[in-house]
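To start, the structure itself, in C-alpha cells.
Protein chains: 2
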Amino acid sequence: MNNRLFSAPLSFADVQITDGFWQRVMELVRTEVIPYQWDALNDRIPDAEPSWCMHNFRAAARLNEKQRTLGDAFVPPTYTNRGFQILPQDPAHPDPDAFYGFLFQDSDFSKWIEAVAYSLANHPDAELEAIADGAIDEVCAAQLDNGYLDTYYIINGMDAALTNLRDNHELYCFGHLTEGAVAYYQATGKDKLLRAACRFADYFAERFGPEEGKCKGYPGHEEAELALVKLYEVTGEERYLRLSRFFIDQRGQEPKYFIEEEHRRPGARATDLAYHQCEAPVRELKEALGHSVRAVYLYSGMADVSRLTGDDSLYEACRRLWNSIADEKLYITGGIGGTHMGEAFSFPYDLPNDSAYSETCAAIGLVFFARRMLQIAPDSRYADVMEQALYNTVIAGMALDGKSFFYVNPLSVVPEACQRDKRLEHVKPVRQKWFGCACCPPNIARMITSLSQYAYTQNQETLFTHLYIGGSASKLFDGKKLTLNVDSRLPWDGHVTVAVRADEPVQAALAFRIPGWAENASFRAEGKQQTVKDGYVYFSGEWHDGDEITLDFPMEVQMWQANEKVRENIGRVAFTRGPITFCAEEVDNGADLHLLRVDGKQISVEESHVFGHETVALKVSGVREKPAGKALYRKAGAAETEPVTITLIPYYAWANRGLNEMSVWLRG
Amino acid sequence: MNNRLFSAPLSFADVQITDGFWQRVMELVRTEVIPYQWDALNDRIPDAEPSWCMHNFRAAARLNEKQRTLGDAFVPPTYTNRGFQILPQDPAHPDPDAFYGFLFQDSDFSKWIEAVAYSLANHPDAELEAIADGAIDEVCAAQLDNGYLDTYYIINGMDAALTNLRDNHELYCFGHLTEGAVAYYQATGKDKLLRAACRFADYFAERFGPEEGKCKGYPGHEEAELALVKLYEVTGEERYLRLSRFFIDQRGQEPKYFIEEEHRRPGARATDLAYHQCEAPVRELKEALGHSVRAVYLYSGMADVSRLTGDDSLYEACRRLWNSIADEKLYITGGIGGTHMGEAFSFPYDLPNDSAYSETCAAIGLVFFARRMLQIAPDSRYADVMEQALYNTVIAGMALDGKSFFYVNPLSVVPEACQRDKRLEHVKPVRQKWFGCACCPPNIARMITSLSQYAYTQNQETLFTHLYIGGSASKLFDGKKLTLNVDSRLPWDGHVTVAVRADEPVQAALAFRIPGWAENASFRAEGKQQTVKDGYVYFSGEWHDGDEITLDFPMEVQMWQANEKVRENIGRVAFTRGPITFCAEEVDNGADLHLLRVDGKQISVEESHVFGHETVALKVSGVREKPAGKALYRKAGAAETEPVTITLIPYYAWANRGLNEMSVWLRG
C-alpha cells in the first residue's frame, strides 16, 4: 500500500450541499426526524413503545455513586428477536432508578447526537444545540469516576460489567458514544462529550490488550473498532488506534473468547461464531458471514486500521470480504443480508426477495465500508455500490414524510403473506412509526446528515468526487484554496457541470467517478491533462477561476437479470436508471404483480409524483396473465394475457401510498 | 344425510393384497420397519437418539404404586421445536425410575402395535405376536388402578395429570393406545390391551363431559376423537361415542378451555388458538388452519361423529374444511402443511416448494379424513386425493429400502440451501434413520399395513372399490358371498380387470371409482345395469361366478400448472401420470435444476430403475440455460440454451441415490 495516496473526507465546513434531491431528505431529517427522535428518546411519543434512553441516563446519574450489585430484586431481561429487553412490571409507574428497554439503548442517544452534530454543521441552530448540550450534561452525569459509561451496568451493578461481551453491547454503546462525541466536537468545538468518550475509551484501554493480565475479549457487536479510529484521528492518541487494532487482531483467535466467556456464564446459549464474525482470525475470513450490520461495521474498522497501519494482509482480507458481498451477496437495491435468521448474510447467491432482511442499518454500514475502501484505493466499484445503497435501500428506510421507517427492506411484498405467514414476521409491508429497538431511524439520520463525508475525499494532490451532489466543496492545495461548484440533477439526469472557483491559480488533480451505470460517458476539462484509472477520470494541471469541467453520464433505462445462480430471480428482470433501482407497486399496476410479464419492447421515462414528491417513473410494456379458473391445478397451456403498461417507481419511494404489493423483480 | 348409504371398510380377513406395487412396500414394513421399530422402542439402535418408549412403560410399572408428586428433584423438560423432551443428565446411566424422551413417547408403542396388528392380519407370524403380547404385558403393567395410563404423569406425579391438556398429549397418547388396542383385538382376538384402553377411556369419560362438575377440556393434539369412535364401533359402548362428540362439540367454545388452563399455569406461553383448531366452535370453521396433522385428525373424528350421529352441521363443516384443503392448500404430491412455523397450513394458495412442511403424518391424516368422507358420501374427489397422498407423499416418507424416513417432504431441494440456510433447518435433503420424535415412521407402518381399509368400503347394497390394488375382496350380500379378484398394474398401467367369484348368483351393486386422472375412461360389465355418479361407476344386477368387469383408465402423461394464485409456481409446470407425481433429480439431470426449461414438445414414458426398484420414468424435452459469466447482475437478454432431455422419476422414489437436488415444479 502507498500511504501517500490515502484519502480522507473533507471537513464539514468545506462542503455545502444544495442538491435538489438530497436537500429535501436532509431537511426532513433536520425538521422531522431529529426533533421526533428527541421526543422518542424521552418517551414522549404517544402510541410508540418507550425508548427509556434518557430515562436510563438519568437513573444512572442518580445511582452511579451507589454501585449496586445484581441482587435478587433484579428482573432478568426478556429475550426478544432483537435482543434482551427489560420492561417495567407496571408501565404506568416505572421505577425511576431502574434500567428499561434494550441493553443497547444508550446508543440511541449517541446516534442522535451524532446526527445533531452533522445537522448543526450543515445548518446552525442555537435552540437545537442547547437541547443537545443539556442532553450531553445528563449523559456525562452518569459516567463513573473510572470512566465507565454504560447505563445498564451502572444501574444494575458493576460487578457484572464486561462479563458478557458477546451479547450485552457495552463496547457497541461505547463506540456509538464515541462517534457522537467526535462529531459533536467537530461540529461545535465543544469537548465535554469527547472527554467523556476518551475516559470511557481509557477504561477499556486499561483493561483490554495484548499485555499479560489484560482481557483478550472483543466486541460482540462490532462498532468500537471504527469509533476508536475516529477517536484516534481527532485526538492523535495512539492508544486508541492500538485498542482498535487489538480488537481486530484478537477477533477469532484461539481460544475463542466468546466460548470461554460462555462457559463462565451458566445457562448461556452456545456461541454462533460466524454470527459474530469470529469463526477465524479476521485476516483469514473469505466470505461475508453472520449478522450483516456487525460484519460491515467490522470490515469498516478493518479497512481503517489497515490504512492507518499499512497492514497489507488486513487490506487483502477487506478486499476479499468486499468481493464476497459485491459479487455474491448484494441485492440490486444495494441492500445486504439475505436472511432474518441472525439478521445475516445467507450463502452465496441466496438473495430471496420476499423474506429478505436487507436491514437499513446494514446498507448504511455498507456505505461506511465502501467509503473506507475508497480512502485506501479510489476505485469506482466501491463508489458504485455506495451510491446504489444510498439512493435505494438507505433512503427507502424512511418515508417520504420522514415520519416512519423500515428496518427490513424486502424486494417483494405481498401484504397478506406478511400478515399471515409467520416466516415473514420480520417483514413489515408499511413503515413503522418507531421501534423499541430503534437502531435504524437514528442511523438514517446520521447517515443523511453526514452525506458530505461520502461525496468527497482528498489527499495531498487530489480531490475526489465520488457522488454527484449539487453544492460546493473546497480544498487547499499547497495552501491555495480551490472550490468546486457542482451543478447536478442526479439521480434524474446525468449531465453534471463543475465550475472551479479559485482566487489564484492552483496546481491540482481533480478526480471524478465515472459511474458504472453510465455507458458512453463523456467528460471534458479544457486544457487539462486527462487520465482514466479504476473508474475515475483525473484532470490535472493549473486551475483558474472559471474553469469548467463537464461530465455527461447517459442515463439509459437498464433492464437487468441476475446471475443464474440466484435461483430466486431466474426468469426475472429488474430495472435501473442511473443510480436508481425501480419497483412495481400494486397502486399503479393492480394486485397480483406476479401475473405481470415484462416484454421490454417499449420503455419510456416519465416525470411523476409519489405522495407529492417529484420523481421519475418508468413505463414498460408487457402483459398480464388472466386468471384461468378456480382449480388449484390445471392442464398446462399458454396463459391468456392482456397487454399492459407496467409502471415502475423508484424503490426508495415505495410504500408511501398505503398498504400494497411491491416487487423489484418482475417476470421477463 | 341418508344413514342407509353410509359405508364401512371391509374387515381385514375379507381383503387380500397381492398387488405388485404395494406388496413390496408392505413386505418392507413387515420385514424391515416393524422389527427395526421394535429395536428403536427399546433403544437398541446404535447412533440413533434413544426413544425411551418401553423404558418409560417399565419405569411406570415399577413406580405406579408409589404415586410420586412433582417435587424439587424433577428436571423440567426441555422445549424443542418438536415439543417437550426430557433427557438423562448422564446418558450412560439413565435412572431406571425416570421418564425420558418426548412427553408423547408412549404413542410410539401404540402406533407400532397397531402396525403389528395389521401385519399379523395380513401375514400371521407367531414370533412377532409373542413379542407383541410381551410388550402389551409391559404396557398394561403400568396402568393405574383408576385406568390412567400415561407414563409421563405416572412416573412424575399424578397430581399434575390433566393440568396441561393443551401441550402434554395425554389424550393423544390415549387415542393412539386405543387405535392400537382395537387393531390388535381385531387382528388377534386378544383383548388385554383393548380392556386397558377401555379402562383408560372410562377414566376420561368419568372426568370429561357436559355434566356439571366435569372438565370442559379437549385434546391439545387431536386423535382421541377418532380413536373413541373406533372403540365405540368395536365395543358398542355409547359412552365412547358420547365422549368423542363432547370433545368435538366443546372445541372452540367460549370460554376457551386452553386459555383458562394457561392462566392456571404460571409462565405458560400464550395459546395460539388456530394452531389447535379452536379459534371457533368446529361447526363454524371455514378454513383449514393450524398444525396440519392435528387438523386432519380432528376433521377425521368430526366426519366419524357426523356419520354416526347424523349431524348435518358437523358434516357441512367437514365439507368446507375438505374444500379448503383440496381447493387451496394441497400440494400436487398430496401433501399438506405449507409452513414449518407450527407445522401448519399456511394461508390459501401459499404452497412453497423448498420450505414446505408437508409432513408425512399429515398426508396420512389426510388419507384418514378422505376415507371417512367417502364413507359418508362416495365421491371420487375424496378418493382421488387419498390416492394422490398415498402414492406420493406417504410412501416418499420411507426409503426404498425401508431403512430411513422423511418427516418433511419438500417439493424442491437444494442441499446447500438445506445445509446453510437456517430457514430450511426443518428440511432434510436425505432421509433420516430414526428420529427421537418418531411420529412418522410408525405412522407409515400402520398406514401401509392397513391399506385394505382404504381400498374398499361397503354398505348393505354396494361394495365400493376406491383404489385399484391387485388382490381380492369379499362381501356378503344377503348372506351370499361375492368375491372380486382384482388384476391391476397400477400405478404403471390403467387397465384393470375384475373377476367375480360367487358360489351362487348374488344380487349386488359393485361400484368402482373413475380416477380423476383418467380421461376417456371406459368400463364394462356385460349384462349389468350401469350408472355413473360422483365419479363412480355402479354396476348392478345378478352376478355369477366368472362375471368380469373391465375398466380402462388411460394413463397419459399430464403436464400441470398451478392456479395463478400460487405465486411460488407461476411459470412452472409439473408432471403426473396416473396417480404418480414426478420430479427431477440432480443425479439424472445435473445440478442447478432451476436452469432447466420444459418445452413439452416430446414426452415419452420409459421403464426405469431407481435403486434397483422397477419404476417408470418420463423423458421430457426442454432446454438448459447456459451459465453466462460471473457478474451478479447483467443486462437482460435471451439466455443461451442447449437442448436437453429431462428425466423425471416418481416423487416417492426421490432421494434414494445420494444427496442431490430435486424439484417437482420445473420452469415451463
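So the sequence lines, in the order shown, correspond to chains X and B. Taking the numbering used here, the leading residue of the first sequence gets 1, the next gets one more, and so forth. Taking the numbering used here, the leading residue of the second sequence gets 1001, the next gets one more, and so forth. For each residue, glycine too, the CB sits at the ideal point set by N, CA and C.
- Contacts with chain B at 8 angstroms (Cβ-Cβ) include Trp560(X).
- Residue Pro442(X) holds the alpha-carbon nearest to the alpha-carbon of Asp108(X) among Leu618(X), Pro442(X), Phe611(X), Met341(X).
- Considering only beta carbons, the part of the stretch 1413–1438 of chain B lying closer than 8 angstroms to chain X consists of Val1414, Glu1416, Ala1417, Arg1420, Asp1421, Lys1422, Arg1423, in chain order.
- At the C-beta level, Phe204(X) and Leu243(X) come within 8 angstroms of one another.
- The bridge partners DSSP lists for Ser1472(B) are Gln1016(B), Asn1485(B).
- In summary, Leu162(X) is buried, with 16 or more beta-carbon neighbours lying within 10 Å of its beta-carbon over all protein chains present.
- Lys635(X) has a beta carbon lying within less than 8 angstroms of a beta carbon in chain B.
- In the structure shown, the three-state DSSP call for Leu666(X) is strand.
- Linking Ile1086(B) to Pro1046(B) through their CA atoms gives a straight-line distance of about 20 angstroms.
- In terms of beta-carbon proximity, Ser404(X) stays away from the interface with chain B, with every pair separated by 8 angstroms or more.
- In this structure Ala1344(B) touches Gly1290(B) by the C-beta definition: roughly 5 angstroms separates them, less than 8 angstroms.
- Taken in chain order, the complete alpha helix (DSSP H) segments of 4 or more residues contained in the stretch 1272–1352 of chain B are 1292–1309, 1312–1328.
- In the three-state reduction of the DSSP assignment, Met555(X) falls in the coil class, being assigned neither a helical nor a strand state.
- Cα atoms of His426(X) and Gly1338(B): separation of roughly 18 angstroms, rounded to the nearest angstrom.
- Look at Ile1332(B): its C-beta is under 8 angstroms from a C-beta on chain X.
- Interface annotation, Val1664(B): not in contact with chain X, CB-CB separation never under 8 angstroms.
- When C-beta distances to chain B are compared with 7 angstroms, the residues of the stretch 547–572 of chain X below that value are Gln558, Met559, Trp560, Gln561, Ala562, Asn563, Glu564, Arg567, Ile570, Gly571, in chain order.
- Beta-bridge annotation (DSSP): Val1587(B) is not paired with any residue.
- Counting the other CB atoms within 10 Å of its CB gives Asn1520(B) a total below 16, which places it among the exposed residues.
- The beta carbon of His291(X) does not come within 8 angstroms of any beta carbon belonging to chain B, so the residue lies off that interface.
- Taking 8 angstroms as the CB threshold, His276(X) stays off the interface with chain B.
- Within the DSSP bridge table, the entry for Val598(X) names Gly622(X) as partners.
- For Thr271(X), the nearest beta carbon of chain B is not closer than 8 angstroms to its own beta carbon.
- In this structure, Tyr357(X) sits away from Val430(X), with a CB-CB distance that is not shorter than 8 angstroms.
- Contact between Arg624(X) and Leu595(X) holds, with the beta-carbon distance rounding to 5 angstroms and staying under 8 angstroms.
- Counting only Cβ-Cβ distances below 8 angstroms, Arg667(X) has contacts in chain B at Ile1570, Gly1571, in chain order.
- For Val1537(B), the uninterrupted beta strand (DSSP E) run begins and ends at 1536–1543, by DSSP.
- At a cut-off of 8 angstroms between beta carbons, Phe1345(B) makes no contact with chain X.
- Under the three-state reduction of DSSP, His221(X) is assigned to coil, being neither helix nor strand.
- In the structure shown, Val1367(B) adopts helical secondary structure according to DSSP, grouped into three states.
- Interface residue (Cβ-Cβ distance to chain X less than 8 angstroms): Ala1631(B) is classified as such.
- Residue nearest to Val116(X) within the set Gly175(X), His466(X), Thr151(X), Met26(X) is Met26(X) (criterion: CA-CA distance).
- Relative to Cys1173(B), the option among Val1033(B), Leu1103(B), His1055(B), Glu1640(B) whose CA is nearest is Leu1103(B).
- Shortest Cα-Cα distance from Glu1032(B) to any of Asp1019(B), Ser1313(B), Ala1224(B), Gly1402(B) involves Gly1402(B).
- In chain order, Asn563, Glu564, Lys565 make up the part of chain X whose C-beta sits under 9 angstroms from the C-beta of Pro1627(B).
- With fewer than 16 other CB atoms across the displayed protein chains lying within 10 angstroms of its CB, His609(X) is exposed.
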